[in-house]
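In what follows, a structure is listed as structure tokens, so that the remarks can point back to it.
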Amino acid sequence: MATTREVCLLIGRDNQVLWSDESDNPFLLPDSRERWEAIWHFRAELEEVAHSHPEGPLGFSAEDESTMSALTSALGRPLRFSVVAPGGMVARVEGRDVLLAEEPWWAEPLRRVSGMRRQPVALA
Ligand SMILES: [Zn+2]
-15 MATTREVCLL
-5 IGRDNQVLWS
5 DESDNPFLLP
15 DSRERWEAIW
25 HFRAELEEVA
35 HSHPEGPLGF
45 SAEDESTMSA
55 LTSALGRPLR
65 FSVVAPGGMV
75 ARVEGRDVLL
85 AEEPWWAEPL
95 RRVSGMRRQP
105 VALA
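Counting from -15, one number per residue, gives the positions in the sequence shown under the working numbering.
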């Protein structure tokens, strides 16, 4: 039986993966003390916090919203947030959710580690 897990990545400059962790629950990545410590450790170079929704949806959950506002106020500057789901990737850019036509290199490995299968894209 295939198992999926939600994975969180901390991304630095030039799409460098600084840190990652994962959870057995595909729907909720519980707040972890370790992750907060990693975020604080990398706060100077941290540019983006990405995580996977292996079972969807392609968008931010209510838990994500509260985590994002907590992070933004803890760091005192805006970060980029993104969700990678089977059908695509969405990023919050200046308060708006944008579907990315071109994904960063780490999106596919993030899907793989999450146990996700990318949904086939219909070609015209
Ligand atoms: Zn989420």
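Built from N, CA and C at the ideal position, the CB exists for glycine as well.
CB of SER66 within 8 Å of CB of GLU(-10), strictly: no
Contiguous alpha helix (DSSP H) assignments of at least 4 residues, all confined to the stretch -8 to 80: 17 to 25 and 46 to 59
For PHE26 and LEU2, believed in contact at Cβ under 8 Å, the rounded distance: 5 Å
Unbroken alpha helix (DSSP H) run spanning ARG96, endpoints: 91 to 97
Which of helix, strand or coil DSSP assigns to GLU(-10): strand
Sequence-distant residues of its chain with Cβ nearer than 8 Å to ARG(-3) (five each side left out): GLU29 and GLU31
Nonlocal neighbours in the same chain, by C-beta distance under 8 Å from ASP81, ignoring five residues either side: GLY43, PHE44, VAL74 and ALA75
Nearest to ALA85 (by Cα), restricted to the options GLY72, ARG95, VAL77 and GLU21: GLY72
Expected contact under 8 Å - CB spacing of LEU(-7) and ALA34 to nearest Å: 5 Å
Where LEU83 sits in the DSSP three-state scheme: strand
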